[in-house]
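Chemist: If you scroll down you'll find the structure; I have some questions about it.
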DNA sequence: GCCGTTTTCGGCCCGACTGTTTTCAGTCG
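In this note's numbering, the protein residues as written are 15 to 587.
Rendered as structure tokens:
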């Protein structure tokens, strides 16, 4: 897949062109194309071979030509030309908050700034503050931006951001002036990573609520505290923005601040064609306000159904909403069990009865206890003998559980040669077999996974790409081939809900569903507390537009067990 | 650079905030 590669080239070109003062609309065209390519769930090379590049929204003849050149020759002349005009360290500085292309260009032109060090120098010696339109305060803001930049304001996983928001909302919602409170931004859209954290409040007394907010005990630094917006840093230097709006505008503001930007731009464009205007205060015809108190009003007045936040990426959801044809997305309440959790038998921290209790508390009907297999020494993988002991314990336990069922399983390793870490006769004793790669990330991974999927006992492949959001790249694997293999063999693919994995991601999960592959959302919990991460996996599934029937752990347990039988018959026949 | 039952040319989302200004530019979301 060259999608990301090309997207990054266009993004870089946009940065350089913007720095050079190119027309904003051209710059935006590159940015939009970059985003569309990143979100594309299909391989750009396939589209290219079909001669359909220009059918991608945001790709016209000019960009199609550049993509074509790149895919044919491995080079993009225009990219090389543009990028070579400006030192790359200089363009990197555009990531610094409060330092935009204009200021940077001016500092470059008049003061010779070309990288972070020279920027710091002209701040320290006061020459930056002496430029026209600059002053001490602007420079101080840039300095603070540099600090944020340096402590790497990288996006954080939703699993880190969500608890921060939950805590703040818990603290503020009982305040008498707070009428409504909701997360907004990419967090509300359940994006796998979150930049800034946005929270929205409906109130008549904004200043008071924002004062309360900036005085919360976890606040480490106050960046702004006005009547409509408060901005603070909490643990780990994470920025949280709280916006206060009047109750009459809460729906419009929530819509606006939830984004995505691309979704909103598209929506406003539609509104404009109907002679309407949308802003964060409401939806208007001329001076007349037609709505804005509830988010639904915005969508209904535009003639469409309300769109779940997770779908708001301008990937076709607006057309579906206009046709009243949005899918019924899976919800957390649809989940009947977690098929991949670890117990104390391997590297988990809980006994099986403890896991059962926790699963029951969550309203589950079943749980799949899948510990590591023998060759995963660092995780205390089970020998076949120990595994069979575990199966015995589970069988005994199930007799007293009236209704609830523990599935005896294993997360069996796919070895270097594509063989599984237990013989088939051991796998046959289990209710559920999940295959996974834990070693040899660069070693024929695609072939090994395909081989594992051909084993009739293997129902699920766990975390199919192996990526970690905290940094690990993932296996060298041809994802499209794995998705097709899953479709052919009737193997289920996992959406691993553990916050650092979220693997498959939303684009791959959507592609899988298109190919007819079934999915399972599992937490891979090693602690009781991890079970709640199911929420993030469901978020990925909703971003992939999945309805409950596509996800096997919304099914009754019997149907899951039958699925394995069906796969065995299919491979035998 | 993209795009079109308003247009193949002339549009391209919209507003707040900040700091620097005396009417506005830059940045952000």
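For glycine and all other residues, C-beta sits at the position ideal for the given N, C-alpha and C.
(1) How would you label residue 483, buried or exposed, when you count the other beta carbons within 10 angstroms and need 16 or more for buried?
(2) Just checking my contact of residue 228 with residue 189 at CB under 8 Å: how many whole Å lie between their CB atoms?
(3) Given this structure, state the Cα-to-Cα distance separating residue 123 from residue 525, to the nearest angstrom.
(4) Taking DSSP as the reference, what is the three-state secondary structure of residue 196?
(5) If we count Cβ pairs, one from each stretch, closer than 8 Å, do we get three or more for the stretch 273–282 versus the stretch 319–333?
(6) Which of helix, strand or coil does DSSP assign to residue 497?
(7) So, for residue 551: in the same chain, excluding its five sequence neighbours on each side, which residues have a beta-carbon less than 6 Å away from its beta-carbon?
(8) Are the CB atoms of residue 408 and residue 568 within a distance shorter than 8 Å?
(9) Starting from residue 278, follow the alpha helix (DSSP H) in both directions and report where the run begins and ends.
(10) Report yes or no: do the stretch 458–477 and the stretch 419–434 share at least 3 C-beta pairs separated by less than 8 Å?
(11) Hey, residue 491 and residue 533 are a contact pair by Cβ (cut 8 Å); roughly how many whole angstroms apart?
(12) Ignoring anything shorter than 3 residues, give me the beta strand (DSSP E) runs that lie fully in the stretch 286–371, in order along the chain.
(13) Report yes if the C-beta distance between residue 589 and residue 531 is below 8 Å; otherwise report no.
(14) Just the Cα atoms here: how many angstroms apart are residue 499 and residue 538?
(15) Which residues bound the beta strand (DSSP E) around residue 536?
(16) For residue 46, does the count of other Cβ atoms within 10 angstroms reach 16, so buried, or fall short, so exposed?
(17) How many whole angstroms separate the CB atoms of residue 418 and residue 379, which I take to be in contact at a CB cut-off of 8 Å?
(18) For residue 664 versus residue 268, is the C-beta spacing smaller than 8 Å?
(19) What first and last residue would you give for the alpha helix (DSSP H) that runs through residue 522?
(20) What is the C-beta distance between residue 438 and residue 389, in whole angstroms, given that I count them as a contact (C-beta under 8 Å)?
(21) Taking the alpha-carbon positions, what's the residue 421 to residue 322 distance?
(22) Using the rule of at least 16 other Cβ atoms within 10 Å of the residue's Cβ for burial, across every protein chain shown, is residue 338 buried or exposed?
(23) By DSSP, does residue 170 sit in helix, in strand, or in coil?
(24) Please state whether the Cβ-Cβ distance between residue 170 and residue 207 is less than 8 Å.
(25) Below 8 Å, how does it come out for the stretch 288–297 and the stretch 255–266: are there three or more Cβ pairs, yes or no?
(26) Which residue's Cα is closest to the Cα of residue 33: 121, 17, 49, 81?
(27) Which residues does DSSP list as the beta-bridge partners of residue 450?
(28) Mind checking residue 548: buried by the 16 CB within 10 Å criterion, or exposed?
(29) Excluding sequence positions up to five away, which residues of its chain have a Cβ less than 7 Å from the Cβ of residue 107?
(30) Helix, strand or coil for residue 590, going by three-state DSSP, please let me know.
(31) For the pair the stretch 70–85 and the stretch 36–55, tell me if three or more CB-CB distances fall below 8 Å.
(32) What does the alpha-carbon distance come out to for the pair residue 355 and residue 125?
(33) From residue 193 to residue 585, what distance separates their C-alpha atoms?
(34) Which two residues bound the contiguous beta strand (DSSP E) that contains residue 110?
(35) Taking all protein chains shown into account, do 16 or more other C-beta atoms lie within 10 angstroms of the C-beta of residue 250, making it buried, or fewer, making it exposed?
(36) State buried or exposed for residue 39, treating a residue as buried only when at least 16 other CB atoms are found within 10 Å of its CB.
Modeler: On the basis of the coordinates in this document:
(1) buried
(2) About 13 Å separates the two Cβ atoms, so there is no contact after all.
(3) 47 Å
(4) strand
(5) yes
(6) helix
(7) 509, 511, 535
(8) no
(9) 275–287
(10) yes
(11) Contact flag wrong, Cβ pair sits at about 17 Å.
(12) 291–293, 296–299, 302–305, 351–355
(13) Beyond the ends of the chain as shown, which are 15 and 587, falls residue 589; an answer cannot be given.
(14) 23 Å
(15) 533–536
(16) buried
(17) 6 Å
(18) The structure shown does not extend to residue 664, since the chain spans only 15 to 587, so no value can be given for it.
(19) 520–528
(20) Actually they are not in contact, since the Cβ atoms of residue 438 and residue 389 sit about 16 Å apart, beyond 8 Å.
(21) 33 Å
(22) exposed
(23) strand
(24) yes
(25) yes
(26) 121
(27) 427
(28) buried
(29) 113, 118, 130, 133
(30) No statement about residue 590 is possible, as the shown extent of the chain runs from 15 to 587 and does not include it.
(31) yes
(32) 58 Å
(33) 58 Å
(34) Segment: none, residue 110 is in no beta strand (DSSP E) and carries neither H nor E.
(35) exposed
(36) exposed
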